[in-house]
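Participant: Using UniProt numbering, the first residue of the sequence shown is number 1, and each one after it goes up by one. We put the beta carbon where it would ideally sit given N, CA and C, even for glycine. The structure's right below; bear with me while I get my questions together.
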Amino acid sequence: MGDAMSRVLYRLGGSAARRPWRMIILWVVALAAFLGAAGTLGGALHDDYTLKGSGSQEATDLLRERFPALAETGARIVVRKDGLDPAELRTIAADVRGLEHVSAVDEPVIGRDGRTALITVRYDVPVTDLDVKKAMKGLRESSALPGAQVEFGGQLPENSSAPGGAAEAVGIIAALVILLLAFGSVVAAGLPLAVALTGLGVGMSGVTLLAAVTDVSTVTPTIAVMVGLGVGIDYALFVLTRHREGLAEGLEPWEAAARANATAGRSVVFAGVTVLIALSGLALSGLPVFITMGFATGIVVFATMMSAITLLPALLGLSGRRVLRRRERRGAAVAPESRWVGAWAARVGARPLPWLLASLLVMLALAAPALGMRTWPNDASSEPSSNTVRKAYDLVAEGFGPGANGPLLVAVDLRRTPDPTAVLSALARIDGVETVSPPLVSPQGDAAVITVIPEFGPQDERSGRLIRDVRAVVRPQGAEVTGLTAVYHDLGEIILDRMWMVVLAVVGTSFFLLLLVFRSLVIPAKAALMNLLSIAAAYGFVTAVFQWGWGAGPLGLPHSVPVSSYVLPLMFTMLFGVSMDYEVFLLSRVREDYERSGDPRGSVVTGLASTGRIISSAALIMVAVFGGFALDTSVVIKQMGVGLAVAVALDATLVRLVLVPASMALLGRWNWWLPGPLARLLPRAAAQEGAGPVKEPVPVP
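Pasting the structure below:
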């Protein structure tokens, strides 16, 4: 299978490089077609908050059936003014009642400070079915009050922020600078970006088309761009580097492109498939938002992978020798090897055990904060202080108490509990409950809602315990708890309950793929352990930066925040896939040299030396791309960007330069151990096998 893939990629790359305009026009047409289809047939982004089997979902379903006015989207108008006039507040409420999709507006409530008022607005459709910008415009126009500070909170305004694009711009500019420094050629620096952006355009159009047939969350495009841009540039970079080596050896541009595609391109395919396998693990999360996020990001990764092995060879054939530096075009050698990396690997290999133990201690120290990680979906209190939802949160906390920002809604089935008085009195006795409102009965008289105001805000560590205590009281009475705080709690519980399935699926499938690629039991096991160690270190770093507050200020956060529940599965699947990229590229070279020389330690030195420069450049680009997303306004994206950047940096330094040479030096020939019966069963799909049509052995990067 390895030879067959090499032959296909060789012919594909050679054909594209010989007749570049044919492939370029094909991609231009495909890009235009996808963009056009996305513009006419694509769907809008929708956040699917369905949590099947959870208590909050049961309560929401009950309200949707019997009390729809309280079941869907909500917004809050918070008014701060000295000398509040109740008549002015009632006028605002009356104007808001006339807005589209507004099902009810609660009577204005004035806080204990006497100058803060709260008007709760309820809609008859989920927030995903609203034109959020139009709805927010209506709220602003209807609630304008001279001399007053008016802010907006709740689900509607929290879903009204639009991505800024600054993170993507920072990543692209940083990648261009790194590529210019690495290659010394504007053409060579521009090609990986052009290829990655073309694949990204097709992939993101595919995400828009996917949104037409299923719910795709509002944060998915940012996640997809983050991963797609990083791997897209890296994949093109590996093929380009191999092509430059071929040109330096005197090959014709089309032949160099064909060989690069047959070798480096094959590693790109294996690496891309590994990322896709890792992303597919999100399907086991049990949450629709994660399932579609995995599919959408996979579409982008697949598109960028295809552009690297089809469009790039065409552009390489068209560019000729202009991808080389000027002195290299005049005959100067292209030095792919990094001597200092080889010397370092030899030094580590000479005394592997101390280096292994020292690096393990560092990684474990970085991972240690994760033992105290507290996960919770970010809420309005995590937003920058300039954001209206954050201002509304602070005003409510000051005027009504922190618990008013996270009320619990107890949905009572009056067919099972005709008199909710017992529920009401029991709720008032629970530790942590500040106030309990009288029951609000549905028009048909078959359901009621009791609002419970906690003594503390939704992000408080006591929130989870309070929700469990309230449920213990109300469930025997035929009632259940919902509200955003309860939804957040249930979301975190579902993620933690399903996390082991995601980990097992991703690690297991990646192990099997590496087993096929390298025909070794030890290599995939070692790769899995090192990746798990890198992910644990990234979790620990994110915990220290965000939960401990070490980096809250520089990242634009008002204070320390818990690690978002979303981050756990997203970081795991994406980091595992991205980390395996470098593992495939590095170990392919190591295996090829080992089969030629039979020297287990020397092959590690040779493999690291031959890939040191290119992997370092690729890792720098990936760190720059991921790190740029720390500028995003979303706390989830900030945490993802920081975690991914740190993990890639650790992979390129401690893992690749210390753990890999030290562990492989200790294991020696055992690195490539495969039992005979298993060897006969496995197909030969090794990434280091010969390139088929290439007459001489060509090592894979």
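1. Thinking C-beta only, is R76 closer than 8 angstroms to L130?
2. What is the rounded straight-line gap between the Cα of R475 and the Cα of V517?
3. Between which two residues does the alpha helix (DSSP H) harbouring residue 748 extend?
4. So, under 8 angstroms CB-CB, I453 and P407 are touching, yes? Tell me the CB distance rounded to an integer number of Å.
5. Mind listing, in chain order, the continuous beta strand (DSSP E) runs of no fewer than 3 residues lying wholly within the stretch 381–468?
6. Going by alpha carbons, who is nearest to A278 out of N261, I291 and G201?
7. How far does the beta strand (DSSP E) with Y235 in it extend, from its first residue to its last?
8. What residues are listed by DSSP as bridge partners for Y539?
9. Using the rule of at least 16 other Cβ atoms within 10 Å of the residue's Cβ for burial, across every protein chain shown, is I92 buried or exposed?
10. Once the 5 residues before and after V567 are set aside, which same chain residues still bring their CB inside 8 angstroms of it?
11. So, is G403 buried or exposed, given that buried needs 16 or more other C-beta atoms within 10 angstroms?
12. Whole-angstrom Cβ separation of L62 and A411, contact assumed at under 8 angstroms?
13. Quick one: using the 10 Å Cβ neighbour count with 16 as the cut-off for buried, is L654 buried or exposed?
14. Tell me which same chain residues have a C-beta within less than 6 angstroms of the C-beta of W355, skipping the five on either side of it?
15. Kindly indicate which three-state DSSP category F67 falls into: helix, strand or coil?
16. Look at the Cβ atom of L193, then the Cβ atom of L181, and state whether they are nearer than 8 angstroms.
17. Taking only the alpha-carbon atoms, compute the straight-line gap between T263 and L276 and give it to the nearest angstrom.
18. With distances taken Cα to Cα, identify the nearest neighbour of A649 among A537, L678, S603 and K134.
19. If I follow the unbroken beta strand (DSSP E) through Y123, where does it start and stop?
20. Quick one: Cα of A87 to Cα of I450, how far?
21. Taking the beta carbon of Q459 as the centre, do at least 16 other beta carbons fall within 10 Å, making it buried, or is it exposed?
22. In whole angstroms, what separates the C-alpha of L529 from that of G190?
23. Measure the beta-carbon distance from V507 to T573 and round it to whole angstroms, keeping in mind my assumption that it falls under 8 angstroms.
24. How should R656 be labelled, buried or exposed, when 16 other C-beta atoms within 10 angstroms of its C-beta is the threshold for buried?
25. Is the separation between the beta-carbon of residue 702 and that of L466 shorter than 8 angstroms?
26. Is there a Cβ of chain B sitting closer than 8 angstroms to that of A278, yes or no?
27. Out of R80, R415 and T208, which one is the CA nearest neighbour of G147?
28. Put S319 into one of helix, strand or coil per three-state DSSP.
29. Spatial neighbours of A619 within its chain, please: CB distance less than 6 angstroms, with the 5 preceding and 5 following residues excluded, ordered by chain position.
30. From G577, V604 and V578, pick the residue whose C-alpha is nearest to that of L587; which is it?
31. Considering only C-alpha positions, which residue in the set L491, S560, L70 and R115 is nearest to D106?
32. By the three-class DSSP mapping on this structure, what secondary structure does S103 have?
33. Return the first residue and the last residue of the beta strand (DSSP E) that Q639 is part of.
34. Measuring alpha carbon to alpha carbon, tell me which residue in L631, D581 and A624 is nearest S267.
35. Look up V561 in the DSSP assignment and say whether it is helix, strand or coil.
36. Under three-state DSSP, which class holds A212?
Facilitator: So, from the data block:
1. no
2. 53 angstroms
3. This structure cannot settle anything about residue 748, because the visible part of the chain is limited to 1 through 701.
4. 5 angstroms
5. 408–413, 433–436 and 447–454
6. I291
7. Element bounds for Y235: not the beta strand (DSSP E) but the alpha helix (DSSP H), T220 to A248.
8. Y539 pairs with nothing; no bridge assigned.
9. buried
10. T375, V542, V636, Q639, M640 and G643
11. buried
12. 5 angstroms
13. buried
14. V348, V658 and A662
15. coil
16. no
17. 20 angstroms
18. A537
19. T116 to Y123
20. 27 angstroms
21. buried
22. 36 angstroms
23. About 11 angstroms separates the two Cβ atoms, so there is no contact after all.
24. buried
25. Here the chain comprises residues numbered 1 to 701, so residue 702 is not present and cannot be evaluated.
26. No chain B is part of this structure, which consists of one protein chain only.
27. R80
28. helix
29. V648 and A652
30. V604
31. L70
32. strand
33. First-last for Q639: V635 to L650, but that is the alpha helix (DSSP H), not the beta strand (DSSP E).
34. D581
35. coil
36. coil
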